[in-house]
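Engineer: Sharing a structure here in structure tokens format.
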Amino acid sequence: MTPETERRRRAYRHGRAAEWLCALLLVFKGYRIVARGVRLPVGEIDIVARRAGVLACVEVKRRKSLRDAAEAVTARQRRRIGRAAEGFVARRPDLAGLAIRFDVMLVAGGWRPRHIEDAWRPA
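Next comes the structure, spelled out in structure tokens:
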């Protein structure tokens, strides 16, 4: 196995662990996890969680610093997540009446997630 392949595998494992940690934190905050790893042809959503009348589409980013993690959520990625959210809700009529919100959870260094609610609004 090449060093590049090993680096990618490690990054993938760390990313999945960060998603699991963030989902756990959301549950502790009173959210119900509706789905994880939603993949549609138009985009993907790391975590879909519900609390009261809100459906939160959560993007998880793990990097060495919180700044690097925040900068990793690009405009293109936000558009793809927005399209994925539309497609997901279209397939789940039971969720249609909820307000959709886009959150980001940043994980860096000490593995303590920072939850940024309503991080962006679709254009």
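Letter by letter, the sequence shown follows residues 366 to 488 in this note's numbering.
Yeah, the Cβ is synthetic: ideal placement off N, Cα and C, and Gly gets one too.
#1: Just checking my contact of V407 with A449 at CB under 8 Å: how many whole Å lie between their CB atoms?
#2: Quick one: what's got a C-beta closer than 6 Å to S430's C-beta in the same chain, skipping five residues either side?
#3: How would you label V423, buried or exposed, when you count the other beta carbons within 10 angstroms and need 16 or more for buried?
#4: Within 10 Å of its beta-carbon, does P478 have 16 or more other beta-carbons around it, so buried, or fewer, so exposed?
#5: Anyone know if the C-beta pair for L471 and R427 falls short of 9 Å?
Structural biologist: Judging by the given coordinates:
#1: 6 Å
#2: A473
#3: Looking at its Cβ environment, which holds 16 or more other Cβ atoms inside 10 Å, V423 is buried.
#4: buried
#5: Going by C-beta atoms, L471 is nearer than 9 Å to R427.
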